[in-house]
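J.: Read in this note's numbering, the sequence shown has 308 at position 202, and its numbers run on one by one without any break. The C-beta atom is built at its ideal place from N, Cα and C for all residues, glycine as well. What you are looking at is a predicted structure, and each value in this text was computed from that prediction instead of being measured. First the structure, then my questions, so here it is.
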Amino acid sequence: MKILTNSNIIFGQIEKLIENSKEFLYLISPYIEFEIKDRDSYNKFKKAISLAIKNNIKINFISRLPDAYFKGDPKEILKQFTDKGCNLYLVPNLHSKIYCNESKALITSMNMYLHSVINNEEIGVKISKKNELKDYENVTYYIEKLIEKSDKSKNVDPKLETISTKYNQIDNAFCILCKKGIPFNKFKSLCYDCFIEFKHFNPIHGKYCHKCGKKDLNVDHLYPLCYDCYRKLYR
């Protein structure tokens, strides 16, 4: 994990993250603005996104609807990219700023907004999937939840991959703590609310089998299946 304490460094890291993407890219910013006179920085930024499109990188923007604080319309601002196949998800009250590809995630205070680069004091944290796998997976899990809340929640991008790809969404299943219905995922056996409440416990002891929902006090977030379901699925 690396702390970034300079706006220009953060901007450079966002640009580098875009350029180094091999599979998918998530650019999450409540406020987005590219155009400003006599500035090359964002022209380079737009060129990096355009190159990623040419390289068939699956690019996804997550932003918020226009409000009293920012009159720009993300649909208009990003039309040059959505017309080329990029996805745009609009999430009410979004305040998160995250830039993520298949190998790294950057969580920062910086919007994709040139005023932030020029005038604001910003900070960020860069997470490597290779070195901080659990932290990286928590970020991608958060992104999935944002998409579920968006106006395009039915078009969740299947390329948002975590370590659980092999087991991802086989069919409907249950949270091991509250038995709420959730997609089956061996590595994500808690609903979002239970995950937030109990994520500091290790292991997180459950009450129900993740697959069948049968009461089983032996399951936990590392081994979320009862014996019968484990035998059926993996033997």
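Measuring CA to CA, which of Asp241, Glu243, Met218, Ile213 is closest to isoleucine 229?
T.: As a working note, residue 229 is residue 123 in the sequence shown. Nearest C-alpha to isoleucine 229: Ile213.
J.: Between valine 245 and isoleucine 204, how many whole angstroms is the CB-CB distance? I'm expecting something under 8 Å.
T.: Here residue 245 refers to the residue found at position 139 of the sequence shown. Here residue 204 refers to the residue found at position 98 of the sequence shown. Confirmed, Cβ separation roughly 7 Å.
J.: Please classify cysteine 206: does DSSP put it in a helix, a strand, or coil?
T.: Taking the sequence shown and counting its residues from 1, one reaches residue 206 at position 100. The answer is strand: DSSP assigns cysteine 206 an E or B state.
J.: Residues in the same chain with beta-carbon distance under 6 Å from glutamate 125, minus the five sequence neighbours each way, listed in chain order, please.
T.: Counting from 1 along the sequence shown, the entry for residue 125 is found at position 19. Excluding positions up to five away in sequence, the list reads Ala154.
J.: Hey, quick one: how far does the alpha helix (DSSP H) through leucine 114 stretch, first residue to last?
T.: Taking the first residue of the sequence shown as 1, we reach residue 114 at position 8. In the sequence as displayed, the identity of residue 114 is asparagine instead of leucine. 113-125 is the span of the alpha helix (DSSP H), which, as asked, contains asparagine 114.
J.: For histidine 201, which residues of its own chain have a beta-carbon under 7 Å away from its beta-carbon, when the five flanking residues on both sides are left out?
T.: Taking the sequence shown and counting its residues from 1, one reaches residue 201 at position 95. Closer than 7 Å at Cβ, skipping near neighbours: Pro136.
J.: Apart from the five residues just before and just after lysine 235, which ones in its own chain have a Cβ nearer than 6 Å to its Cβ?
T.: To locate residue 235, count along the sequence shown from 1; it is residue 129. These residues qualify, in order along the chain: Ser209, Tyr242.
J.: Under a three-way DSSP split, which group does tyrosine 329 fall into?
T.: Within the sequence shown, the letter at position 223 stands for residue 329. In this structure, tyrosine 329 counts as coil in the three-state DSSP scheme.
J.: Do lysine 321 and tyrosine 314 have their CB atoms nearer than 8 Å?
T.: Indexing the sequence shown from 1 puts residue 321 at position 215. Indexing the sequence shown from 1 puts residue 314 at position 208. For lysine 321 and tyrosine 314, yes; Cβs fall inside 8 Å.
J.: Once the 5 residues before and after asparagine 193 are set aside, which same chain residues still bring their CB inside 6 Å of it?
T.: Position 87 of the sequence shown holds residue 193. Excluding residues within five positions, the ones whose Cβ falls inside 6 Å are Asn166.
J.: Of the residues Asn217, Asn225, Glu139, Val223, which one's Cα is nearest the Cα of glutamine 186?
T.: As a first step, residue 186 must be located in the sequence shown, where it is residue number 80. Measuring from the Cα of glutamine 186, the nearest candidate turns out to be Glu139.
J.: Quick one: what's got a C-beta closer than 8 Å to aspartate 179's C-beta in the same chain, skipping five residues either side?
T.: Here residue 179 is taken as the residue at index 73 of the sequence shown, counted from 1. Closer than 8 Å at Cβ, skipping near neighbours: Pro172.
J.: Just verifying my parser: in three-state terms, what is the DSSP assignment at proline 198?
T.: Here residue 198 refers to the residue found at position 92 of the sequence shown. Proline 198 falls in the coil class under three-state DSSP.
J.: Residues in the same chain with beta-carbon distance under 6 Å from isoleucine 113, minus the five sequence neighbours each way, listed in chain order, please.
T.: In the sequence shown, the residue the question calls residue 113 occupies position 7. Reading the sequence as shown, one finds serine at residue 113 and not isoleucine. If we look at serine 113 and ignore the five residues flanking it on each side, its Cβ neighbours are Val223, Glu228.
J.: Would you report the Cα separation of tyrosine 273 and glycine 319, rounded to the nearest angstrom?
T.: Taking the sequence shown and counting its residues from 1, one reaches residue 273 at position 167. Taking the sequence shown and counting its residues from 1, one reaches residue 319 at position 213. Low confidence applies to tyrosine 273: its pLDDT is 38, below 50, so where it sits in the model is not reliable enough to give any reading.
J.: Residues in the same chain with beta-carbon distance under 6 Å from isoleucine 116, minus the five sequence neighbours each way, listed in chain order, please.
T.: As a working mapping, residue 116 is identified with position 10 in the sequence shown. Only Leu110, Thr214, Met216, Glu228, Gly230 meet the Cβ criterion.
J.: Work out the CA separation of asparagine 225 and asparagine 291 for me, nearest whole Å.
T.: Here residue 291 is taken as the residue at index 185 of the sequence shown, counted from 1. Here residue 225 is taken as the residue at index 119 of the sequence shown, counted from 1. So the two alpha carbons sit approximately 43 Å from each other.
J.: Would you report the Cα separation of isoleucine 253 and asparagine 324, rounded to the nearest angstrom?
T.: By one-based count along the sequence shown, residue 253 stands at place 147. By one-based count along the sequence shown, residue 324 stands at place 218. Using only the alpha carbons, I get a separation of about 33 Å.
J.: Quick one: give me the first and last residue of the alpha helix (DSSP H) that lysine 181 is part of.
T.: Within the sequence shown, the letter at position 75 stands for residue 181. First-last of the alpha helix (DSSP H) with lysine 181: 180-183.
J.: Is the beta carbon of aspartate 257 closer than 8 Å to that of leucine 220?
T.: Start at 1 with the first residue of the sequence shown, and residue 220 comes out as number 114. Start at 1 with the first residue of the sequence shown, and residue 257 comes out as number 151. In this structure, aspartate 257 does not lie closer than 8 Å to leucine 220 by Cβ.
J.: Let's test the definition: count the other Cβ atoms within 10 Å of the Cβ of phenylalanine 307 and tell me whether it reaches 16, buried, or not, exposed.
T.: Taking the first residue of the sequence shown as 1, we reach residue 307 at position 201. Per the 10 Å Cβ criterion, exposed.
J.: What is the rounded straight-line gap between the Cα of lysine 128 and the Cα of lysine 294?
T.: What you label residue 128 is simply residue 22 of the sequence shown in a count that begins at 1. What you label residue 294 is simply residue 188 of the sequence shown in a count that begins at 1. Taking the straight line joining both Cα atoms gives about 25 Å.
J.: Pick helix, strand or coil for isoleucine 310, following the three-state DSSP scheme.
T.: Taking the sequence shown and counting its residues from 1, the one referred to as residue 310 is at position 204. If DSSP states are grouped into helix, strand and coil, isoleucine 310 belongs with coil.
J.: So for arginine 337, helix, strand or coil by DSSP?
T.: In the sequence shown, counting from the first residue as 1, residue 337 sits at position 231. In the structure shown, arginine 337 sits in a helix (DSSP, three-state: H, G or I).
J.: For isoleucine 163, does the three-state DSSP call read helix, strand or coil?
T.: As a first step, residue 163 is located in the sequence shown; it is residue number 57 there, counting from the start. Coil at isoleucine 163, not helix or strand.
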